[in-house]
Amino acid sequence: LLGSLISKINPNLIRCVSSSNTSTNAKKVAVLGASGGIGQPLSLLLKLSPLISELSLYDIQHTKGVGADLSHIETRAKVKAYVGKEELANALKGMDLVVIPAGIPRKPGMTRDDLFNTNATIVADLVTACAKNCPRAIIAIIANPVNSTVVIASEILKAHNVYDEKRIVGVTTLDVVRAATFVAENKGLDPTKVNIPIIGGHSGNTIIPLLSQASPPVTFSQQDLDSLTNRIQNGGTEVVNAKAGAGSATLSMAHAGARFSFSVLEALNGKEGVVECGYIASKGDFSYFATPLLFGRNGVEKSMGFGKLTDYEKTLVEKAKKELNGNIEAGLTFAKQYL
Ligand code: NAD
Ligand code: LMR
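Following UniProt numbering from start to finish, the sequence shown increments by one per residue and tops out at 345.
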């Protein structure tokens with residue numbers, strides 16, 4: 007019944023319900039920041055999945071209530087709730103995947119960078135605990151500014167000698183979700199059938215949609231190209247302004263975070279050909295860069311690269327350079343001081 011209900015709501019979630027035959031391989035997943043605007047609906051979506059045997063909820067507040075509530079849902083994932091720093095180590099032990107939406111969100115007029123001072127320390131503390139308690143877990147970072155927090159997390163894992171570039175990813179799925187929605191609207195397509203690769207990073211100019219590589223193939227006027235690119239790059243600000251001080255995207259992010267998590271878990275279980283975009287360490291012009299990634303039994307198998315860019319897309323990459331490199335540098339500088 008639950009499966010048929012969900013499949014009526016969102017075809018992307020059919021995967022999590024219909025894969026119940028493979029549930030013997032179910033994995034352990036922790037959500038850090040589980041009581042928050044993203045954390046709660048994300049935990050709900052994860053609780054519905056037979057891909058998960060144990061759902062570990064951690065926050066500095068309210069997790070016992072969130073956990074009690076979710077634990078009454080008739081699905082297999084066993085919910086465990088942990089609150090406060092003393093319980094963090096136990097929340098992490100044995101985890102296969104750790105998703106981190108802990109941190110403050112934007113208010114109108116703020117950039118993601120304005121969150122750096124608070125969120126850098128939150129992510130650094132949480133990833134330090136991951137290094138000590140679940141060094142082989144895949145870590146998916148949602149907390150902003152993603153362009154810097156992933157760098158900080160990586161430096162911390164390196165300092166603890168547990169760094170594996172296959173296992174630490176910045177979640178950019180919401181950009182992919184938005185691009186599919188906006189392009190489908192523009193072209194009158196089914197949004198669940200549209201895919202637009204997004205490269206670069208996760209803030210303003212650094213979000214680079216490759217509209218020339220849309221699937222199904224579609225063409226745009228220059229005006230549509232400009233307006234769609236601009237809307238995808240500023241989708242987060244659109245929500246922040248509409249929420250008028252009450253935070254940033256939470257529900258669409260919960261969906262995006264669940265979609266990303268299910269893809270990682272399916273790949274860990276041996277499914278082949280699983281591709282999601284994500285922000286990872288890179289050997290190209292940038293030391294961190296988002297591209298479509300092929301996931302496998304150990305996390306990121308490889309970056310799929312970004313194919314041939316149009317002149318317009320090359321200009322977008324050029325425009326992203328200064329900001330993205332600055333964000334990476336800020337992460338490295340913070341990590342040096344923190345460690
Ligand atoms: P929120 O304020 O509603 O929730 C954050 C939660 O983190 C709170 O429950 C808080 O108690 C918890 N928290 C704070 N410090 C913590 C710590 N040290 N350990 C554990 N938990 C801690 O915020 P939100 O709307 O859920 O957003 C969370 C973050 O996600 C923000 O930084 C936001 O910018 C980011 N975000 C990223 C994307 C993306 O696409 N990557 C999308 C939306 C939001
Ligand atoms: C988003 O893209 O919605 C998030 O990064 C949150 C924000 O601050 O815009």
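Glycine is no exception: its CB is placed at the ideal position from the N, C-alpha and C atoms.
- Taking the Cα of His261 as reference, the smallest distance to any Cα among Asn240, Thr198, Pro222, Gly290 is reached at Thr198.
- Sixteen is the threshold: when 16 or more other Cβ atoms of the shown chains lie within 10 Å of the Cβ of Gly43, as they do, the residue is buried.
- Look at Leu38 here: in three-state DSSP terms it is strand.
- Straight-line measurement puts the Cα of Phe340 at about 12 Å from the Cα of Ser160.
- In the DSSP annotation of this structure, Thr321 is not part of any beta strand (DSSP E); the continuous alpha helix (DSSP H) holding it starts and ends at 317–344.
- With 16 or more neighbouring CB atoms inside 10 Å of its own CB, Ala87 falls in the buried class.
- Asn201 sits in a strand when the DSSP states are folded into three classes.
- Around Ser254, the same chain offers Pro111, Arg112, Gly242, Val245, Val246 as residues with beta carbons nearer than 7 Å, after the five sequence neighbours per side are excluded.
- Here the segment 175–182 makes contact with the segment 142–151; the two share three or more CB pairs at distances below 8 Å.
- Cβ-Cβ distances below 6 Å link Pro141 to Val168 in the same chain, with the five nearest sequence neighbours on each side left out; the list follows chain order.
- Secondary structure at Val175: strand, using DSSP grouped into helix, strand and coil.
- When beta bridges are read from the DSSP output, Leu103 appears opposite Val35, Ile144.
- Each residue's CA atom was taken as its position, placing Val270 and Gly302 some 8 Å apart.
- Linking Gly109 to Ile128 through their CA atoms gives a straight-line distance of about 7 Å.
- At least one heavy atom of ligand 2 lies closer than 8 Å to the C-beta of Asp181.
- The shortest CA-to-CA distance from Ile213 to any of Lys138, Lys328, Val72 is the one to Lys328.
- Contact between the segment 62–70 and the segment 85–100 is present, with at least three C-beta pairs closer than 8 Å.
- For the pair Asn153 and Tyr344, the CB atoms are not nearer than the 9 Å cut-off.
- If you ignore the 5 residues before and after Met259, its C-beta comes within less than 6 Å of the C-beta of Ile44, Leu180, all in its own chain and listed in chain order.
- Around the beta carbon of Thr124, fewer than 16 other beta carbons sit within 10 angstroms, so the residue counts as exposed.
- Looking at the DSSP output, Cys283 sits in a beta bridge with Pro298.
- Membership of Ser59 in the beta strand (DSSP E) is indicated by the continuous run 58–65.
- In the DSSP assignment, Lys113 falls outside any beta strand (DSSP E) and carries neither an H nor an E.
- Asp119 has its alpha-carbon roughly 19 Å from the corresponding atom of Asn236.
- For Asn31, the closest of Leu57, Gly100, Val37 by C-alpha to C-alpha distance is Leu57.
- Here the distance from the Cβ of His68 to the nearest heavy atom of ligand 1 is below 8 Å.
- For Ser154, the uninterrupted alpha helix (DSSP H) segment begins and ends at 152–165.
- Residue pairing by DSSP puts Gly206 in a beta bridge opposite Ile213, Ala296.
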